[in-house]
Every structure is written in C-alpha cells, then in structure tokens.
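A short worksheet on the structure shown next.
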Amino acid sequence: SAITLLGPAEIRALAQRAGIRPTKTLGQNFVLDGGTVRKIVRQAGVTAGERVVEVGPGLGSLTLGLLEAGADVVAVEIDPVLARLLPGTVAAHVPGLTLDTDTDTDVGTDAAGAPDAPAPVVVLRDGDGRARLTIVTQDALTVTELPGPAPTALVANLPYNVSVPVLLTFLERFDSLERGLVMVQAEVADRLVAPPGSRTYGVPSAKVAWYAAARRTATVGRAVFWPAPHVDSALVRLDRREPPAATVSRQEVFAVVDAAFAQRRKMLRSALAGVAGSSAAAEVAVRAAGLDPQVRGEQVDVVGFARIAEALHAARP
Ligand code: SAM
Numbered sequence: 065s066a067i068t069l070l071g072p073a074e075i076r077a078l079a080q081r082a083g084i085r086p087t088k089t090l091g092q093n094f095v096l097d098g099g100t101v102r103k104i105v106r107q108a109g110v111t112a113g114e115r116v117v118e119v120g121p122g123l124g125s126l127t128l129g130l131l132e133a134g135a136d137v138v139a140v141e142i143d144p145v146l147a148r149l150l151p152g153t154v155a156a157h158v159p160g161l162t163l164d165t166d167t168d169t170d171v172g173t174d175a176a177g178a179p180d181a182p183a184p185v186v187v188l189r190d191g192d193g194r195a196r197l198t199i200v201t202q203d204a205l206t207v208t209e210l211p212g213p214a215p216t217a218l219v220a221n222l223p224y225n226v227s228v229p230v231l232l233t234f235l236e237r238f239d240s241l242e243r244g245l246v247m248v249q250a251e252v253a254d255r256l257v258a259p260p261g262s263r264t265y266g267v268p269s270a271k272v273a274w275y276a277a278a279r280r281t282a283t284v285g286r287a288v289f290w291p292a293p294h295v296d297s298a299l300v301r302l303d304r305r306e307p308p309a310a311t312v313s314r315q316e317v318f319a320v321v322d323a324a325f326a327q328r329r330k331m332l333r334s335a336l337a338g339v340a341g342s343s344a345a346a347e348v349a350v351r352a353a354g355l356d357p358q359v360r361g362e363q364v365d366v367v368g369f370a371r372i373a374e375a376l377h378a379a380r381p
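The numbering of the sequence shown is the working numbering, which starts it at 65 and goes up by one.
Now the structure itself:
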C-alpha cells in the first residue's frame with residue numbers, strides 16, 4: 065500500500081518542529097518501530113473497514129498502522145498540541161485524505177467531566193467521503209459518547225498512569241467493543257491477566273475478567289519508544305464475553321471485589337462485613353455462593369464474586 069509508518073528520524077523531526085517535549089505525567093512514549101506497530105495491529109485482529117477506537121494517538125505511530133490495515137479510526141487524545149499535529153502527519157502518510165472540521169459533534173462528558181461545551185472533532189475523509197480518521201481532543205476518561213459508527217475494537221498504546229481506568233471505562237461505556245489489544249507496562253499486563261491465587265491477582269484482574277477474557281501476547285522492550293520508558297511493556301489481548309452474573313448489577317459485583325481486596329490478608333467473612341452489614345451476613349452470602357468463608361479474596365474468581373453479590377442482593381430486604 066502507499067501508506068508509510070513513522071520511523072525514528074521522522075518522530076524526532078516532528079517533535080522538534082512542533083516543539084514537543086514528551087511529558088511523563090501524560091505517559092508520552094512514542095513508538096518508533098514499525099514492526100511493533102504492525103504486531104499490535106495484527107494481534108488486534110483488525111479487519112479492513114472495521115471501526116477502531118484508539119486512546120492516545122500521540123504522534124500517530126499506531127494510528128497509521130491501523131489505517132494501513134484498512135480500519136477507520138476514532139482517536140481520543142488529551143494533549144491539544146498532539147491532536148492538532150495529527151491530521152497533517154496522517155495526511156502526509158495516507159494519500160487521498162482531506163480535512164473536515166465538525167465542531168458541532170457532541171461527544172458528551174460524564175457527570176464529573178469538565179467542559180460542557182462539545183469537544184472539537186476533526187475528521188479526515190477519503191475520496192468517497194468515508195471518515196477514515198476522527199480525532200477527539202479530550203481526556204478519554206470523560207468521553208461518554210464517540211462520534212460516528214460504534215467501534216468494535218479498542219487498540220491503544222495506553223498512557224501508563226491511567227491505563228487500567230481507561231481500559232475499564234471503555235469496556236464499560238462502549239458495549240460495541242468486542243476486542244481489545246492494548247500495550248501497557250509489563251507489570252500491569254501481569255495484573256490484568258492474573259488468575260486467582262497468583263501473586264499478581266487483584267482488583268484489575270477481577271474487574272477486567274467481568275468484561276473480557278484477557279491474555280498477555282507479547283513483551284515489548286523499552287528501545288522501541290522515544291523517550292525510552294524505565295520499564296518494559298507488554299501486549300494484552302481482550303475478548304469480550306458475557307458478564308458472569310445476570311441478576312445483579314456490575315456495580316454490586318465491583319463493590320464486593322473492592323471490599324474483598326481492600327483488606328487483602330483478611331478472610332472473606334471479615335473483609336465483606338462492611339458490604340454485607342455484618343460478618344455473620346457476609347459468611348451466609350459466601351456460603352450461599354458455594355465458597356468457604358475462610359478463603360481470602362485473592363483466591364476467588366469473578367464468577368465467585370458475582371455469586372457472592374447475588375447472595376447479598378437476594379438477602380437484602
Ligand atoms: N499511540 C502513540 C504511540 O504509540 O506512539 C502514543 C502513545 S503514548 C504511550 C500515550 C498517549 O496518550 C500520549 O499521546 C498522551 O498524550 C495520551 N494521553 C495521556 N493521557 C490521556 C487521557 N487521559 N486521554 C487521552 N489521551 C491521553
């Protein structure tokens with residue numbers, strides 16, 4: 065295809081020309097290596113014509129890889145300097161795209177979300193008028209609606225400081241997402257995919273498991289980034305599945321998960337005393353879920369937490 069990806073020289077030149085100094089607080093580490101980009105896109109299983117959401121397009125490394133695979137991308141970038149730079153970079157790499165500014169698109173903000181004013185949305189269209197890239201300049205955590213067709217995949221090199229909340233928020237808010245392929249810190253990847261009973265199993269593992277089956281698919285060294293981070297990264301593939309409980313809300317199950325891990329060393333009957341009303345009530349619910357009240361939260365999978373939440377729900381007057 066006529067699309068080219070970003071390489072090290074161009075990334076540095078782009079950053080220098082725009083006066084960009086990557087910030088750690090926004091997790092700005094840009095991928096310099098086309099091989100890594102193509103691996104992410106391949107492992108995401110992206111198909112031509114598929115609508116994909118990318119969080120944090122940055123200078124456009126992964127965005128171009130997604131466009132190369134034929135995906136239509138909606139990209140959410142918090143940094144206005146990077147968001148403004150992206151259309152020019154993409155237009156220079158993907159022939160035949162033209163710019164179209166639509167400031168009327170209301171992407172919505174959550175209750176706590178800052179501005180009520182619609183976020184500016186920039187669209188790059190191909191010769192047939194098809195939106196190939198839609199750029200939303202906003203904090204991904206406050207996005208409640210995405211412009212255009214509903215995306216079926218989340219593909220992102222996530223900003224490290226907010227990778228877990230962004231992932232959980234997107235799985236929760238966008239039902240249309242069937243798959244995800246995210247790059248996160250290696251240690252976070254371990255936590256996302258950890259099974260019960262393992263050292264790294266915790267709140268993120270149990271909550272991600274509510275939405276999706278997660279597996280770690282690759283390790284990515286720090287040399288593929290500019291600037292190089294201090295830790296290795298890893299890829300995590302997510303495949304949406306049915307939530308493991310139908311009779312209680314996700315919030316009720318997550319309240320049990322949070323309580324179970326708030327005091328990691330405690331047995332469930334004590335850890336859940338707060339959400340259950342008493343340790344006796346917690347013990348009844350844990351038994352009703354078919355579990356031993358003496359076990360710790362770190363030994364229980366999301367199905368177990370869902371059963372406990374169902375028992376608590378059923379016992380409520
Ligand atoms: N996708 C690019 C790549 O692979 O080279 C950049 C990835 S960089 C690790 C993370 C990106 O997320 C940065 O562009 C950063 O500005 C952006 N970002 C950080 N926090 C964000 C947030 N809350 N919402 C949206 N984007 C965010």
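Glycine included, every Cβ here is placed at the ideal spot set by N, Cα and C. Fair warning: this is a prediction, and the values are worked out from it, not measured in the lab.
#1: Where does the unbroken beta strand (DSSP E) through V295 begin, and where does it stop?
#2: Helix, strand or coil: which one does DSSP assign to E141?
#3: Go through its chain and collect everything with a Cβ distance to I104's Cβ below 8 Å, but skip five positions before and after it.
#4: Measure from the alpha carbon of I199 to the alpha carbon of each residue in R286, A139, A282 and Y275, then state which is nearest.
#5: Who are the near neighbours of P229 in its chain, counting only those whose CB is closer than 8 Å to its CB and skipping five residues on each side?
#6: Give the range of the beta strand (DSSP E) segment to which L131 is assigned.
#7: In angstroms, rounded to a whole number, what distance separates the CA positions of E209 and T233?
#8: Is DSSP giving E118 helix, strand or coil here?
#9: Who are F369's beta bridge partners in DSSP?
#10: DSSP puts D239 in a beta bridge; with which residues?
#11: In terms of residues, what are the limits of the beta strand (DSSP E) holding A346?
#12: Starting from I75, trace the alpha helix (DSSP H) in both directions and tell me its first and last residue.
#13: So, for R371: in the same chain, excluding its five sequence neighbours on each side, which residues have a beta-carbon less than 7 Å away from its beta-carbon?
#14: Can you give the Cα-Cα distance for V207 and A337, rounded to whole angstroms?
#15: Using a C-beta cutoff of 7 Å, does E251 count as contacting chain D?
#16: Can you tell me whether L332 is helix, strand or coil according to DSSP?
#17: Considering just the uninterrupted stretch of the beta strand (DSSP E) at L197, what are its terminal residues?
#18: Over the uninterrupted beta strand (DSSP E) stretch that includes A277, give me the two end residues.
#19: For my contact list, V366 and W290 are in at a C-beta cut-off of 8 Å; report their separation, rounded to the angstrom.
For this structure:
#1: That residue, V295, is in no beta strand (DSSP E); it is neither H nor E in DSSP.
#2: strand
#3: L126, G129, V219, N221, L245, M247 and L299
#4: A139
#5: L205
#6: Not the beta strand (DSSP E): L131 falls in the alpha helix (DSSP H), residues S125 to E132.
#7: The C-alpha of T233 is placed about 12 Å away from the C-alpha of E209.
#8: Reduced to three states, the DSSP call for E118 is strand.
#9: Beta-bridge pairing links F369 to no other residue.
#10: Its beta-bridge partners do not exist; DSSP assigns none.
#11: Per DSSP, A346 belongs to no beta strand (DSSP E); it is in the alpha helix (DSSP H), S343 to A352.
#12: P72 to R81
#13: A353 and G354.
#14: Between V207 and A337, the C-alpha separation is close to 35 Å.
#15: Absent from the structure is chain D; it holds one protein chain and no more.
#16: helix
#17: A195 to T201
#18: A276 to V284
#19: V366 to W290, Cβ: 37 Å. No contact.
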